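Asks: Before I ask anything, here is the structure I am working with.
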Amino acid sequence: MIYRTLKQLIDSTYDVAWGNGQSRRLLVRDDGVGYSLTDTIVRAGTESLLRYSNHLETCYCIEGEGEVQVGKETFRITPGCMYALNGHEKHYLRAKTDLRLICVFSPALVGHEKHQLDDLNGSSY
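Heads up: the sequence shown begins at 556 in my numbering, then just goes up one per residue.
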């Protein structure tokens, strides 16, 4: 069994400044479960162009307000909303207020990955 608290992760190697916020990696590849679980903060007023070429991602909002845009469609993000990027889509993630998302990545993240944000291609792990 694996047991961790968010408090244990703060200021550890699994507390990663990802570019426009902070990602605490609760489960990583070395845990052997096949997916990662993160507690991710997206800073208010930021826009991130992202594309996960090597991972599928599902996010569940527990705090804040923002939006995710895929192509011409924009979806509002508020507590209780979930979105899944099941086709490696390039997407814009915008935070109106600080957003807190619980995210699952498959396959699992190594744990220390950081985005290289740019305005053309979308940052990826």
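From the three backbone atoms N, C-alpha and C, an ideal C-beta is built for every residue, glycine too. Remember, predicted model here, so these are calculated numbers, not experimental data.
1) Shortest alpha-carbon distance to Arg579 belongs to which of Gly600, Asp594, Gly589?
2) Closest to Met637 by C-alpha separation, out of His643, Leu604, Arg655, Asp586, would be which residue?
3) Go through its chain and collect everything with a Cβ distance to His643's Cβ below 7 Å, but skip five positions before and after it.
4) In the structure shown, what three-state DSSP assignment does Arg584 receive?
5) Kindly list the residues whose CB is nearer than 6 Å to the CB of Glu600, restricted to its own chain and excluding five residues on each side of it in sequence; keep chain order.
6) In angstroms, rounded to a whole number, what distance separates the CA positions of Gln624 and Ala572?
7) I think Val665 touches Arg584, with their Cβ atoms under 8 Å apart; what is that distance to the nearest whole Å?
8) So what does DSSP say about Leu605, is it helix, strand or coil?
9) Looking only at its own chain, which residues have a Cβ that is under 7 Å from the Cβ of Glu602, when we skip the five neighbours before and after it?
10) Would you call the CB atoms of Glu622 and Thr629 closer than 7 Å?
Replies: On the basis of the supplied data:
1) Asp594
2) Arg655
3) Arg606, Tyr607, Ser608
4) helix
5) The sequence given here has Gly at residue 600, not Glu. Around Gly600: no qualifying Cβ.
6) 22 Å
7) Under the criterion of beta carbons closer than 8 Å, Val665 and Arg584 qualify as touching, at roughly 5 Å.
8) Three-state result, Leu605: strand.
9) Tyr647, Arg649
10) The answer is yes: Cβ separation under 7 Å.
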